[in-house]
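S.K.: I am attaching a structure below and will ask some questions about it afterwards.
There are 2 protein chains.
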Amino acid sequence: MSTTPRRRTAKAIASPWLAGGARVDQREKKRQAVLQTAARLFNERGFHATSLDDIAEKLHVSKPTLYYYVKSKDDILLECVRTALAMMQEGIAEVRQRGGRALDQLQACMRSYAAIVMDDFGQCVIRIGEDPLPPPLKKELRRLKAGIDHEFRRLIAEGVAEGSLTPCDPKLAAFMLAGALSWVGRWYRPDGSMSPTQIADQGIALLLGGVLAPVPAPSSSIALPKLGRRAPRKTAT
Amino acid sequence: MSTTPRRRTAKAIASPWLAGGARVDQREKKRQAVLQTAARLFNERGFHATSLDDIAEKLHVSKPTLYYYVKSKDDILLECVRTALAMMQEGIAEVRQRGGRALDQLQACMRSYAAIVMDDFGQCVIRIGEDPLPPPLKKELRRLKAGIDHEFRRLIAEGVAEGSLTPCDPKLAAFMLAGALSWVGRWYRPDGSMSPTQIADQGIALLLGGVLAPVPAPSSSIALPKLGRRAPRKTAT
Chain A
1 MSTTPRRRTA KAIASPWLAG GARVDQREKK RQAVLQTAAR LFNERGFHAT SLDDIAEKLH
61 VSKPTLYYYV KSKDDILLEC VRTALAMMQE GIAEVRQRGG RALDQLQACM RSYAAIVMDD
121 FGQCVIRIGE DPLPPPLKKE LRRLKAGIDH EFRRLIAEGV AEGSLTPCDP KLAAFMLAGA
181 LSWVGRWYRP DGSMSPTQIA DQGIALLLGG VLAPVPAPSS SIALPKLGRR APRKTAT
Chain B
1 MSTTPRRRTA KAIASPWLAG GARVDQREKK RQAVLQTAAR LFNERGFHAT SLDDIAEKLH
61 VSKPTLYYYV KSKDDILLEC VRTALAMMQE GIAEVRQRGG RALDQLQACM RSYAAIVMDD
121 FGQCVIRIGE DPLPPPLKKE LRRLKAGIDH EFRRLIAEGV AEGSLTPCDP KLAAFMLAGA
181 LSWVGRWYRP DGSMSPTQIA DQGIALLLGG VLAPVPAPSS SIALPKLGRR APRKTAT
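Going down the list, the protein sequences come from chains A and B.
Our numbering numbers the first residue of the first sequence as 1 and each following residue consecutively.
Our numbering numbers the first residue of the second sequence as 1 and each following residue consecutively.
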């Protein structure tokens, strides 16, 4: 072993102890595995029906080992919810940065949101809801959700202004679009017949374009701009 | 007082004890008040944060009095959920009995469903979810929900067949429509700016008609049947 302090943590030396940085990485990796496993069990069995013992068993570790990474079951839920909301915010920020037409941004936001509610952490937010969370986190969750809702409303209002969306109440429209997508987190099953991408693409097309059948063209073309509706853009969804 | 047994319970005789039938009615009335008060508190504060003491206090009765009407907090939730699901099933049965076009039936079902998820009991089903329910009731709840979902799918498939709805996957469309409406039960506040009827009417119009803006008529009328979409029927929604 080299005596140079600088080289003591060099990769070439096989040490039974991990170097500082690697140790932190390993710990974070294991912590993530605890959270992911817990989230999946919460979604499968329900939050109340899942115990720390169940989580430990699934990870082949003891319950005391679990306590090295998380404080409690509530703490796990809190972290799962925070992770999902951070993912949602990142998704929105990315879409915003790319810019473009409001309709395209709205579609991209909806795709990002749909993907997250079908993810383990996102499903936790939707399925478990606010109820078991402590009041401060409930408040934080509401604040973060309000931010996401605000972004949907802004994009819908801009879509109406740019003429790509039909004049509507952006608040109600945002609730309807995000609501339908949120509910996906309730019914989605990884072993179902459709992939998350298929659900998102087809679901968003239905939400944007509606389900009413096209009407045959009336003889006068004057009434058309009000009756005709744009078919969902297959390339964009 | 008359000695004729037949007249002992006649209305004219003022008795401090209520007659058999009236006693049952009174008990049921009080039981309903317990359930309604509890449902409202669950929705306002959360199921876990609401105690039997809170419910008793709100009703100006003692906790032992409460136990005369309900067995436990879980029992209350169970009854709230059962009441809401029974309302949903009745709503669907009524629509079915009236008959008519599948699109009109679908709109009527959506209106009935929306009204119930904004009601105290309906909100319980949506906000609290399955998680705190005991396994047998979870199973019953899923069975009843599946029945409602089945009705939505059937009407959508029939709407496509009758030409009023655009060809789509009835399963996914049912999940999207019912999902958006279910989510209303999460965000609806009785003190909000819109009435339940306004939310239902405008929300259903957005879901059926979509949010995309009408497109100007192309010069050739051949492409119109595929591009044009029927605007939401204002008379029916």
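Just so it is clear, CB atoms sit at the ideal spot from N, CA and C, and this is done for glycine as well.
1. My assumption, with CB atoms under 8 Å, is that residue 152 of chain B sits in contact with residue 172 of chain B. Please give the rounded CB distance.
2. Whole-angstrom Cβ separation of residue 132 of chain B and residue 77 of chain B, contact assumed at under 8 Å?
3. Taking buried to mean at least 16 other C-beta atoms within 10 Å of its own C-beta, is residue 170 of chain A buried or exposed?
4. If we define contact as Cβ-Cβ less than 8 Å, is residue 173 of chain B a contact residue for chain A?
5. Give the DSSP-derived three-state secondary structure of residue 59 of chain B in the structure shown.
6. By how many angstroms is the C-alpha of residue 137 of chain B removed from the C-alpha of residue 130 of chain B?
7. Any beta-carbon of chain A closer than 8 Å to the one on residue 202 of chain B?
8. Whose Cβ in chain B lies nearer than 8 Å to the Cβ of residue 161 of chain A?
9. For residue 185 of chain A, count the other beta carbons within 10 Å of its own beta carbon; 16 or more makes it buried, fewer makes it exposed. Which is it?
10. Using C-beta distances below 7 Å, list every residue in its chain close to residue 195 of chain A, excluding the 5 sequence neighbours before and after it, in chain order.
11. Evaluate the contact criterion for the segment 138–145 of chain B versus the segment 91–110 of chain B: three or more CB pairs, one atom per stretch, below 8 Å.
12. What in chain A is Cβ-close to residue 62 of chain B, meaning under 9 Å?
13. Is any heavy atom in the ligand COA found nearer than 7 Å to the beta carbon of residue 183 of chain A?
14. Residues in its own chain within less than 6 Å of residue 299 of chain A by CB, not counting five upstream and five downstream?
15. Pull up the distance between the alpha-carbon of residue 156 of chain A and that of residue 205 of chain B, whole angstroms please.
16. Using a C-beta cutoff of 8 Å, does residue 130 of chain A count as contacting chain B?
17. Could you please tell me which residues of the segment 28–60 of chain A, in chain order, have their CB closer than 7 Å to any CB of chain B?
18. How many Å lie between residue 62 of chain A and residue 55 of chain A at the Cα?
19. Less than 8 Å between the beta carbons of residue 20 of chain B and residue 102 of chain B, yes or no?
20. Could you check whether residue 182 of chain A and residue 81 of chain A sit closer than 8 Å to each other, using their CB atoms as the reference points?
21. If you measure from the beta carbon of residue 166 of chain B to each beta carbon in chain A, is any gap under 8 Å?
22. Just how far apart, CA to CA, sit residue 45 of chain A and residue 175 of chain A?
23. What residues in the segment 69–83 of chain A have a beta carbon less than 9 Å from any beta carbon of chain B?
24. Indicate the three-state DSSP secondary structure (helix, strand or coil) for residue 141 of chain A in the structure shown.
25. My parser needs the alpha helix (DSSP H) runs of 4 or more residues fully inside the segment 35–90 of chain A; what are they?
26. Report all residues from its chain with a CB closer than 6 Å to the CB of residue 187 of chain A; omit the five preceding and five following residues, and keep chain order.
27. Taking the DSSP output, what are the residues bridged to residue 212 of chain B?
28. Please list, in chain order, all residues of the same chain as residue 111 of chain A whose beta carbon is under 7 Å from its beta carbon, the five residues on each side excluded.
29. Under three-state DSSP, which class holds residue 100 of chain A?
30. Given a threshold of 16 other Cβ atoms within 10 Å of its Cβ, counted over all protein chains shown, does residue 79 of chain A qualify as buried or as exposed?
31. Extract the residue ranges of the beta strand (DSSP E) inside the segment 164–201 of chain A, only unbroken runs of 3 or more that lie entirely within it.
32. Just to confirm the assignment, what range does the alpha helix (DSSP H) spanning residue 119 of chain B have?
33. What three-state label does DSSP hand residue 129 of chain B in the structure shown?
34. Looking at chain B, is there any beta carbon in it that lies within less than 8 Å of the beta carbon of residue 141 of chain A?
M.R.: In brief:
1. In fact, because the Cβ distance is near 11 Å, the residues do not count as touching under 8 Å.
2. 7 Å
3. buried
4. yes
5. coil
6. 9 Å
7. yes
8. The contacting residues do not exist; residue 161 of chain A stays about 11 Å from chain B at best.
9. buried
10. none
11. no
12. Within 9 Å Cβ-Cβ: nothing; residue 62 of chain B doesn't reach chain A, min ~27 Å.
13. With respect to small molecules bound, the structure shown includes none, and the ligand COA cannot be examined in it.
14. Lying before the first or after the last residue shown, residue 299 of chain A is absent from chain A, which here runs from 1 to 237.
15. 16 Å
16. yes
17. 46, 47 and 48
18. 9 Å
19. no
20. no
21. yes
22. 28 Å
23. none
24. helix
25. 52–58 and 63–67
26. none
27. A/165
28. 200 and 204
29. coil
30. buried
31. none
32. Note, residue 119 of chain B: premise wrong, no alpha helix (DSSP H); not H, not E.
33. coil
34. no
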